[in-house]
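Participant: Before I ask anything, let me first share the structure, which is written out below as structure tokens.
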Amino acid sequence: ALELKLTPALVLLRSTLDQLQEKDTAKIFFQPVDLSEVPDYLEFISQPMDFSTMCTKLEGHAYCSIADLEKDFNLMISNCLKYNSKDTMFHKTALQLREVGGAVLRHAHRQSQSIG
Ligand SMILES: CC(=O)c1c[nH]c2ccccc12
């Protein structure tokens, strides 16, 4: 039935997001950048993104595929690389997360192909 077919896709999306969050050991991407702490953030970043927002979107069925999840993950990383200069921990952490997260997403793409 349709709901049986859709469930594995949601399960894979949740597991992929969980795996990506686990790689953010410093938890710098767990919450939106605090605009009261960083008042100029929106002068540089037009579309903020973070894992908590991605989780809300996922449960709200905003993601139809791993590719949709990957788009927001890449947005989150590129925001961080843009706002934070190269010599910061944030910038370096984003570069690392981009690599390890890429491997998680490649594996999830392969799994989603086997679900069909
Ligand atoms: C992910 C990110 O860019 C940030 C996460 N926490 C922050 C605090 C100040 C400025 C940037 C950030």
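Read left to right, the sequence shown gives residues 1353 to 1468 (our numbering). No residue lacks a Cβ here, since even glycine has one placed at the ideal position from N, Cα and C.
#1: Anyone know if the C-beta pair for Gln1465 and Leu1364 falls short of 7 Å?
#2: Just to confirm, is the Cβ distance from Met1401 to Leu1427 under 7 Å?
#3: Return helix, strand or coil for Met1401, following the three-state DSSP convention.
#4: Quick check on Cys1432: buried or exposed, where buried means 16 or more other Cβ atoms within 10 Å of its Cβ?
#5: Can you tell me whether Thr1359 is helix, strand or coil according to DSSP?
#6: So, at 8 Å on beta carbons, what are the nonlocal neighbours of Thr1368 in its own chain, with the 5 sequence-adjacent residues on each side left out?
#7: May I ask you to check if the CB of Phe1442 is nearer than 6 Å to at least one heavy atom of ligand 1?
#8: Buried or exposed for Gly1412, please, with buried defined as at least 16 other CB atoms from any protein chain shown within 10 angstroms of its CB.
#9: Between Ala1361 and Asp1370, what straight-line distance do the alpha-carbon atoms span, to the nearest angstrom?
#10: For Cys1407, which of Tyr1435, Arg1366, Ser1430, Asp1386 has the nearest alpha-carbon?
Facilitator: Answer, in terms of the structure:
#1: Between Gln1465 and Leu1364, the CB-CB gap reaches or exceeds 7 Å.
#2: yes
#3: coil
#4: buried
#5: Looking at Thr1359 - three-state DSSP - the assignment turns out to be helix.
#6: Ile1418, Leu1421, Val1456, Leu1457, Ala1460
#7: Result yes, Cβ under 6 Å from ligand 1.
#8: exposed
#9: Whole-angstrom Cα-Cα distance: 14 Å.
#10: Arg1366
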